[in-house]
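Residues in the sequence shown are numbered from 6 upward in steps of one, following this note's numbering. Note that beta-carbon positions come from the ideal geometry of N, C-alpha and C, so glycine has one too. Working notes for the structure below.
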Amino acid sequence: MMNLTYYIERMFNEFEEFYQYKKDSISEDEIYARQLCEYFVKSGKQYQLKSTEMNGEEEILVLEEMGEVTTFSNEKNYSGLGLNIEFRLYNAFGDMNLLSVKHMNSHWEVIRYLLKDVVDVPNRGQMLRDSSELDEDRQVYVIYVTELPS
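This is the structure:
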């Protein structure tokens with residue numbers, strides 16, 4: 006088992022410890038799933054993943070603060086509802102519509118989706134994965150997708 010520590014990169018290559026999960030409170034598969042998400046939401050702020058590192062038994066994720074999180078339509082809090090992935094249609098400007106939600110049985114299943122360039126979106130078929138996010142405030146993984154090129 007290992008610890009997971011988040012750091013925020015500040016100006017001039019300075020790093021501030023942001024949050025830590027002790028090895029008894031997080032599984033290895035969840036640690037790996039978190040490392041595959043380009044974005045992270047916690048306490049109303051959005052962060053972008055800058056790097057992943059290892060140091061002995063510690064996994065390190067370095068983030069850049071992006072600012073206040075943008076809220077989209079049909080957002081739901083999944084606390085107590087198990088492990089879920091939301092699929093949202095990526096839009097550079099404006100709302101990112103909810104396309105579907107898929108319940109997962111394990112973080113290994115989540116990892117399968119996070120690793121892919123093309124994912125099967127329930128009730129929509131194959132779509133191109135743009136990016137992914139762990140929204141810790143809402144307790145859900147979010148995969149942003151676009152239509153496959155013709």
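- Taking the Cα positions, Val-150 is about 6 Å away from Arg-93.
- Taken atom to atom, the span from the alpha-carbon of Asn-89 to that of Met-109 is near 5 Å.
- Fully enclosed beta strand (DSSP E) runs of no fewer than 3 residues occupy 19-26, 44-47, 50-60, 63-73 of the region 13-79, in order along the chain.
- C-alpha of Ser-136 to C-alpha of Glu-63: approximately 25 Å in a straight line.
- In the structure shown, Arg-129 adopts coil according to DSSP, grouped into three states.
- In the assembly as shown, Leu-120 is an exposed residue. Its beta-carbon has fewer than 16 other beta-carbons within 10 Å.
- Inter-segment contact for the region 52-68 and the region 77-88 is absent: fewer than three beta-carbon pairs are separated by less than 8 Å.
- Around the CB of Lys-27, fewer than 16 other CB atoms lie within 10 Å, so the residue is classed as exposed.
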